[in-house]
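Student:
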Amino acid sequence: MLESEGDILRMAAAERPGQPWLRLTPVESPCEIGERELPLHVAGGAFHGPVRCGLPLPIASECMGTVVLQHACDGAVLPAPLLEEIARVLIPGGRLWLLTLNPLAPYRMRWLRQGPTASEPVRWRRRLRAAGLEPEAVSQGVGPRWTPVPNASLQQGAGMRAAFLLRAEKRVVPLTPLRLRPVVRIANGVPAA
1 MLESEGDILR MAAAERPGQP WLRLTPVESP CEIGERELPL HVAGGAFHGP
51 VRCGLPLPIA SECMGTVVLQ HACDGAVLPA PLLEEIARVL IPGGRLWLLT
101 LNPLAPYRMR WLRQGPTASE PVRWRRRLRA AGLEPEAVSQ GVGPRWTPVP
151 NASLQQGAGM RAAFLLRAEK RVVPLTPLRL RPVVRIANGV PAA
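Here the sequence shown stands for residues 1 to 193, numbered as in the UniProt record's numbering.
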């Protein structure tokens, strides 16, 4: 299934070529996808890679243009604290690419009761909004349907695909200057009758 997601990773890396990006995966990746990438994988409840750490991530706030969360929340790490941390490290306008297992796919029989967990896209959208991210309206199905043959094409909606892609953006309301109200002049006194 991870082989089906290679094109998605390359698209995420090319989205903001001049900015650093973070990739969180369930297993160690054999190679880097793009420049300025910080690849981390989950092992023993912590993140390993060029840096070994837990949450909170030792990354400055608002410094990553893109974060790819590739099945790292499918059982090994709690989603809520990780999504809050991702929202912290994303720059305003930065994007999260969430790849996660589809609980409605027939492919789930291959991993059912073996550790990974899955949630529907609606639940992920709620989690993303709670973390301060704005998810896209429609997820995209990724990977095989039943046979373990890589399928890199994307489909609208999760459908029966093994996994789905859900993108979310960090939106920040800019400060806007307030107009000064006109000064209302009051007369010095009340006229006598």
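Note that beta-carbon positions come from the ideal geometry of N, C-alpha and C, so glycine has one too.
Taking the straight line between their C-alpha atoms, what separation do you get for PRO106 and PRO144?
Tutor: Distance between the alpha carbons of PRO106 and PRO144 is about 10 Å.
Student: Assign PRO39 to one of three DSSP states: helix, strand, or coil.
Tutor: Three-state DSSP puts PRO39 in a strand.
Student: Does the beta-carbon of CYS53 have 16 or more other beta-carbons within 10 angstroms, so that it is buried, or is it exposed?
Tutor: So CYS53 counts as exposed.
Student: Would you report the Cα separation of LEU99 and GLU28, rounded to the nearest angstrom?
Tutor: Between LEU99 and GLU28, the C-alpha separation is close to 16 Å.
Student: Suppose the cutoff is 7 Å on Cβ atoms and the five residues either side in sequence are ignored; what does the same chain contact list for CYS73 look like?
Tutor: PRO79, LEU82, THR100.
Student: Determine, using beta carbons only, whether PRO56 and LYS170 come nearer to each other than 7 Å.
Tutor: Not in contact: PRO56 and LYS170 (Cβ atoms no closer than 7 Å).
Student: At which residue ranges does the stretch 89-140 contain complete alpha helix (DSSP H) runs of 4 or more residues, listed in the order of the chain?
Tutor: Counting only runs of 4 or more, we get 121-130.
Student: How big is the Cα-Cα spacing for ALA162 and ARG129?
Tutor: Distance between the alpha carbons of ALA162 and ARG129 is about 24 Å.
Student: Which value, in whole angstroms, describes the spacing of the CA atoms of TRP97 and PRO177?
Tutor: Using only the alpha carbons, I get a separation of about 33 Å.
Student: Whose C-alpha, out of ILE186, ALA60, GLY132, PRO121, is nearest the C-alpha of VAL142?
Tutor: Ranking the options by Cα distance to VAL142, first place goes to PRO121.
Student: My output table needs one value for ALA12: the three-state DSSP class, helix, strand or coil.
Tutor: ALA12 falls in the helix class under three-state DSSP.
Student: Once you ignore the five residues that flank THR66 on each side, which residues in its own chain have a CB closer than 6 Å to its CB?
Tutor: Around THR66: ALA12, GLU15, ARG16, TRP21, ARG95.
Student: Which value, in whole angstroms, describes the spacing of the CA atoms of GLY45 and GLU37?
Tutor: If I take the Cα positions, the gap works out to 21 Å.
Student: Quick one: measure Cβ to Cβ for VAL42 and PRO26, integer angstroms, because I've assumed they're closer than 8 Å.
Tutor: Indeed, because the Cβ distance is near 6 Å, the residues count as touching under 8 Å.
Student: Would you tell me roughly how many angstroms separate the C-alpha atoms of PRO103 and GLU35, rounded to the nearest one?
Tutor: Taking the straight line from one Cα to the other gives about 33 Å.
Student: How long is the line joining the alpha carbons of GLY18 and LEU180, rounded to whole angstroms?
Tutor: Their backbone Cα atoms lie some 40 Å apart in a straight line.
Student: Using the three-state DSSP reduction, which class does GLU62 fall into: helix, strand or coil?
Tutor: Looking at GLU62 - three-state DSSP - the assignment turns out to be coil, as it is neither helix nor strand.
Student: If distances are taken between C-alpha atoms only, which option among ALA60, LEU40, SER61 comes closest to VAL51?
Tutor: Minimum Cα distance to VAL51 is reached at LEU40.
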